Amino acid sequence: MANIVVLYCKKIQDHSCVACAKCFKGMDERSGEFARYEGEDLHLVGLTDCGDCPGLAVPRLKLLGEVARMLDRPIEAVHLGTCVKTAMETGGCPLDFDELRFLVEQKFGYRVVLGTHPY
Ligand code: SF4
Ligand code: SF4
1 MANIVVLYCK KIQDHSCVAC AKCFKGMDER SGEFARYEGE DLHLVGLTDC GDCPGLAVPR
61 LKLLGEVARM LDRPIEAVHL GTCVKTAMET GGCPLDFDEL RFLVEQKFGY RVVLGTHPY
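Take the sequence shown: its position 119, counted from the start at 1, is 119 in the working numbering, and no numbers get skipped.
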């Protein structure tokens, strides 16, 4: 079983990627970066934005972690949406994946994955 959260790019979600429908499909099909959960129960604990530019993902994850613990659904892994990956690769996103992964693993102990659906 895996409890995950997905962070989306606040500038992209519902603009060029509508209603997070692609990620929901990817989760159901275990495709893209969700393939790692094949044969496992996958629980989406939360789906929320990155905290907006200039990359406020860490305080966002702190808050999300508190809510998840309160609801007895502790977070195991954080996926940065394919939208975030696109923003990093093509949109001048200020988030640095390696730095963010290091900080999040150190501070909260969550695995951090770059990407979600493959569509
Ligand atoms: S990539 Fe996923 S998380 Fe990001 S906006 Fe699209 S469906 Fe939502
Ligand atoms: S460009 Fe990066 S920091 Fe800005 S909203 Fe998108 S994911 Fe968040």
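By construction, the Cβ of each residue, glycine as well, lies at the ideal position given by its N, Cα and C atoms.
Here the structure is a predicted model, which means the values were calculated and not measured.
- The three-state secondary structure of L100, taken from DSSP, is helix.
- Of the other Cβ atoms in all chains shown, 16 or more fall within 10 Å of the Cβ of L7; this residue is therefore buried.
- Looking at H79, R69, V67 and L71, the one whose alpha-carbon comes closest to that of V104 is H79.
- In the three-state scheme derived from DSSP, where H, G and I count as helix and E and B as strand, L7 is classed as strand.
- Within the segment 41-99, the complete alpha helix (DSSP H) segments at least 4 residues long are 57-70 and 82-90, listed from N- to C-terminus.
- DSSP lists Q13 as the bridge partner or partners of C17.
- With distances taken between CA atoms, G109 lies nearest to A77 out of C83, V84, R30 and A77.
- In this structure, DSSP gives R30 a state outside helix and strand, which the three-state scheme calls coil.
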